[in-house]
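Below is one structure, written out as structure tokens, with a few remarks after it.
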Amino acid sequence: MANRRQFFKTLAGATAGMYVMGRGGAANLLQAQAARRQIMVGGRRMRVVDIHQHWDMALPAEIVRGTPFEEFAKGGAGLDERIPLLDKEGIDVGVVGVNDFWWYEATDRGLARAICTVHNETLGMWHRMHPDRLVGMASVPLQFPDLAAEMLQDAVERHGARGVTIGGHVNGENLTLPKFDPFWAKVAEMGELVFMHPNGSANIIKDDGLAGPGGLGNVVGNPLETTVFLSRLILDGTLDKFPALKVCGAHGGGFLPSYFGRTEIGTQRGNQKPIFKKPPREYLRSQILADTMVFSEEGLRHLVAEMGVSQVVFGTDIPFGWPVNVDLIANASVLSDAEKEAILGGNLIKLLRLA
Amino acid sequence: MNVRGRRDFFKSVAGATAGMYVMARGGSADAQAPAARRQVMIGGRRIRVVDVHAHCDMPLGDIVKGTPFENQANADPELEERLLAIDEQGVDVQALSINGFWWYEATDRGLARAICNTQNEGLAAWVRQHSDRFVAMASVPLQFPDLAAEVLEDAVTRLGARGVTLGGHVNGEDLSLPKFDPFWAKAAEMGELVFMHPQGSDNLIKEGAFRGRGALGNIMGNPLETTYFLSRLIFDGVFDRHPQLRVCGAHAGGYLPSYFGRTEVACDVRANADCANTKRPREYLRSQILVDTMLFSEEGLRHLVAEMGVSQVVYGTDNPFNWPVTVDLVLNAPFLNDAEKEAILGGNLMRLLRIT
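Chains as they are written, first to last, in my numbering: chain L, 6 to 360; chain G, 2 to 357.
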């Protein structure tokens with residue numbers, strides 16, 4: 006499946022030059038020997054543990070030679086440079102996983118086993134070198150669920166792995182298919198934590214990508230479309246070109262306002278060449294509006310906190326049978342009377358020129 | 002996108018909602034005893050409630066005869082039933098909009114203009130009969146941006162439309178393309194509110210969907226994949242089959258916890274949802290699902306903890322990639338006590354990963 010690899014390469018390429026350490030940055034960190042940050046809470050030193058640490062581990066060339074995976078013999082730097090970074094950021098324990106899952110494409114059980122064995126042995130070695138600073142999450146060949154179960158047990162018992170890391174799909178297959186139950190059963194039986202890391206939704210951005218139980222074509226597809234639509238209006242400069250434009254997104258504006266941090270920070274990353282003029286939040290709080298279809302007081306509180314009262318307008322989705330939110334707003338403990346009136350009607354009375 | 006694709010997709014979305022009309026069909030029997038109109042009061046004062054998100058259809062008759070859109074000839078707006086529903090719900094004014102956007106596929110300008118004119122005139126006639134209860138948002142043929150601008154102006158100035166409704170794309174094209182600027186310029190110049198309604202992301206669930214500015218393959222593709230993955234574990238019953246399972250989603254669990262309302266009610270309101278889960282989705286969110294802290298704002302973290310509970314949130318940095326490190330965000334969060342800060346920064350993971 007060339008797609009996953011190409012897709013991941015695209016993602017990886019997009020982050021080139023963003024390694025905080027390694028290459029340029031590592032030298033500085035190592036030389037400076039920054040003091041280890043000690044995190045205190047209530048005057049007491051506590052331990053900080055980080056679940057989300059990547060490692061692009063190099064593989065011995067002989068394992069992948071003559072396979073479609075030769076490029077992965079290269080990998081990135083080792084973990085030597087990770088310790089100064091942990092020190093600097095006050096992280097006591099880094100939980101490291103190999104999260105790109107390209108080995109799910111290996112069709113040979115022996116090859117798949119060999120790749121994950123190297124991962125788990127190497128992570129185990131780093132854990133033994135720095136037992137108080139690094140732990141590894143197991144890599145497993147999830148395309149062979151029985152083998153994945155076996156290797157998880159081996160990684161935990163023999164190499165001291167803590168938990169297991171997986172992708173969001175195996176070559177496009179949902180992990181809820183019964184064929185994957187042997188893996189889930191083993192994880193549950195052992196009580197291991199599963200850390201899932203995505204790789205850009207390659208399994209979803211395809212025809213019928215939201216098929217199956219749960220009505221996700223609607224439940225996820227609708228907010229997704231709105232999220233991308235509103236994002237494009239910001240990112241492509243449309244809202245700058247037309248500063249008088251006011252655009253209201255259905256269903257609480259999709260995911261955009263409720264999960265705005267990634268959009269906001271994403272535009273500040275080094276690989277971005279933004280053409281829009283203002284911080285993204287300024288558009289969210291002026292030209293973008295959203296309806297109230299979030300169905301919980303906490304969801305509404307959050308929407309208002311992110312956007313401001315002036316940007317939230319009442320919406321029911323009538324005649325479809327979603328819960329109607331009048332009472333949610335009328336009873337919201339977080340809103341003043343004037344704010345309730347603005348959201349239920351005042352904002353729209355102004356925007357739609359109702360007498 | 003092929004023409005059939007969108008139509009079939011919309012039909013399946015529509016079909017998916019069969020039997021879900023709040024009014025009409027089954028439900029209208031109850032409505033025969035007209036419920037009293039609800040008067041919404043705030044602070045002892047009657048206020049007006051206005052609804053921006055109200056779907057309807059308009060029959061098009063002969064206009065679509067012999068075209069691929071014949072199934073719209075006898076569309077039923079069901080507007081009489083709607084008055085009863087909004088009375089009961091306390092909605093004073095609805096902004097009606099026709100949100101199928103199937104007419105974006107019409108390749109003939111005359112046909113596209115005729116469809117939208119008929120819709121706008123039909124809505125205007127309805128609004129004139131109930132001028133205190135309804136306003137209409139304009140339908141426009143966005144596949145012809147200049148014509149869309151013209152139809153918008155006509156709908157507002159001649160027919161009294163308020164604002165304009167559109168889809169998230171035009172036959173797969175992003176609306177931020179310069180070709181659509183004539184439409185945006187007109188909407189901005191007139192100061193008309195634009196109400197965007199999606200149709201299930203059929204422009205995005207295809208290869209290459211996250212092209213373009215903003216690295217959306219990462220910024221959105223990653224949270225999307227996680228959202229979908231965790232949703233599948235809930236709705237396909239995996240958490241029920243394996244109640245000991247604990248799954249942590251990267252990047253704050255994607256969109257799922259931060260936008261949980263739609264997921265929480267999905268099985269209640271989607272007749273076709275075919276949910277295998279035996280508990281409320283929120284119960285899994287607060288027990289078997291965990292997420293990292295990659296949210297980057299105090300308000301985002303507050304919301305995450307409120308939705309999931311302190312026990313389900315664990316510290317994560319995404320090292321060695323250069324996202325902001327959030328240890329201070331947690332340390333300084335005014336809504337967390339010291340024990341909660343310690344749990345999120347380390348205690349939860351020390352237990353889950355057996356770190357001594």
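The C-beta atom is built at its ideal place from N, Cα and C for all residues, glycine as well.
Reduced DSSP category for residue i - H, G, I as helix; E, B as strand; rest coil
i: G:SER312; result: helix
i: G:ASP77; result: coil
i: L:HIS124; result: helix
i: G:ALA156; result: helix
i: G:GLU174; result: strand
i: G:HIS198; result: coil
i: L:ASP296; result: strand
i: L:MET51; result: coil
i: G:HIS304; result: helix
i: G:THR108; result: coil
i: G:GLN289; result: coil
i: L:GLY99; result: strand
Inter-residue spacing [alpha-carbon to alpha-carbon] between residue i and residue j
i: L:VAL339; j: L:ARG306; result: 7 Å
i: L:GLN58; j: G:ASP182; result: 43 Å
i: G:ALA272; j: G:VAL266; result: 11 Å
i: G:VAL292; j: G:ASP241; result: 19 Å
i: L:LEU229; j: L:SER315; result: 23 Å
i: L:HIS174; j: L:MET195; result: 22 Å
i: G:ALA162; j: L:VAL331; result: 25 Å
i: L:ARG286; j: L:PRO324; result: 32 Å
i: G:LEU257; j: L:ARG237; result: 21 Å
i: L:LEU357; j: G:ASP237; result: 43 Å
i: G:VAL239; j: G:HIS252; result: 21 Å
i: L:GLU197; j: G:LEU194; result: 51 Å
i: G:ARG283; j: L:GLY220; result: 17 Å
i: G:LEU217; j: L:LYS278; result: 13 Å
i: L:GLU86; j: G:ALA334; result: 30 Å
i: L:MET26; j: L:LYS355; result: In this prediction, L:MET26 scores a pLDDT of 35, lower than 50, which makes its location untrustworthy; the coordinate-derived value is nonetheless stated afterwards. Their backbone Cα atoms lie some 52 Å apart in a straight line.
i: G:TRP185; j: G:GLY62; result: 30 Å
i: L:LEU294; j: L:TYR288; result: 9 Å
i: L:MET328; j: L:THR297; result: Looking at the sequence shown, residue 328 of chain L is not Met but Pro. Near 11 Å, if we compare the C-alpha coordinates of L:THR297 and L:PRO328.
i: G:LEU167; j: G:PHE196; result: 6 Å
Option nearest residue i by Cα separation, candidates the options
i: G:GLU300; options: L:GLU162, L:MET298, L:GLU194, L:MET312; result: L:MET312
i: L:ARG118; options: L:ARG138, L:ASP151, L:ARG87; result: L:ASP151
i: G:GLN144; options: G:LEU176, G:LEU291, G:LEU160; result: G:LEU176
i: G:LEU296; options: G:LEU231, G:ASP329, G:GLY262; result: G:ASP329
i: L:LYS282; options: L:ILE171, L:LEU240, L:ASN330, L:GLU346; result: L:LEU240
i: L:GLY177; options: L:ILE209, L:ALA153, L:PRO146; result: L:ILE209
i: G:MET59; options: G:GLN90, G:GLU82, G:GLY45, G:TRP127; result: G:TRP127
i: G:TRP324; options: L:VAL54, L:GLU94, L:LYS79; result: L:GLU94
i: G:GLY310; options: G:TYR285, G:ASN333, G:ARG134; result: G:TYR285
i: G:PRO142; options: G:ARG159, G:GLN120, G:LEU124; result: G:GLN120
i: L:ARG50; options: G:LEU346, G:GLY62, G:VAL326, G:ARG352; result: G:LEU346
i: G:GLU281; options: G:LEU332, G:PHE261, G:SER298; result: The question names Glu, but residue 281 of chain G in the sequence shown is Arg. Nearest option by C-alpha distance: G:PHE261.
i: G:THR227; options: L:PHE149, L:LEU261, L:GLY205; result: L:GLY205
i: L:ALA160; options: L:LEU180, L:ILE120, L:LEU333; result: L:ILE120
i: G:GLN1; options: G:ILE99, G:GLY62, G:VAL51; result: Here chain G comprises residues numbered 2 to 357, so residue 1 of chain G is not present and cannot be evaluated.
i: G:ALA1; options: G:GLN289, G:HIS170, G:SER232, G:GLY209; result: A question about residue 1 of chain G goes unanswered here, because the residues of chain G that appear run from 2 up to 357.
Boundaries (first-last residue) of the alpha helix (DSSP H) holding residue i
i: G:PHE240; result: 239-242
i: G:ARG163; result: No alpha helix (DSSP H) holds G:ARG163; DSSP gives it neither H nor E.
i: L:HIS164; result: 150-164
i: L:LEU238; result: 226-240
i: G:LEU350; result: 349-353
i: L:ILE88; result: 87-94
Check whether residue i and residue j have beta carbons under 8 Å apart
i: L:PHE319; j: L:LEU349; result: yes
i: L:GLY47; j: L:VAL101; result: no
i: G:ILE206; j: L:LEU215; result: yes
i: G:CYS117; j: G:SER132; result: no
i: G:LEU225; j: G:GLY255; result: yes
i: G:GLY74; j: L:THR321; result: It is Ala, not Gly, that sits at residue 74 of chain G in the sequence shown. No, the Cβ-Cβ distance between G:ALA74 and L:THR321 is not below 8 Å.
i: G:ILE87; j: G:ARG134; result: yes
i: G:PHE230; j: G:GLY222; result: no
Residue i: first and last residue of the uninterrupted beta strand (DSSP E) it sits in
i: L:CYS253; result: 251-254
i: G:ASP52; result: 51-56
i: G:GLY250; result: 247-250
i: L:LEU349; result: Unbroken run through L:LEU349: none, as it is neither H nor E.
i: G:GLN95; result: 94-98
Listed by chain order, chain C residues near residue i by CB distance under 8 Å
i: L:ASP212; result: No chain C is present in this structure, whose protein chains are L and G.
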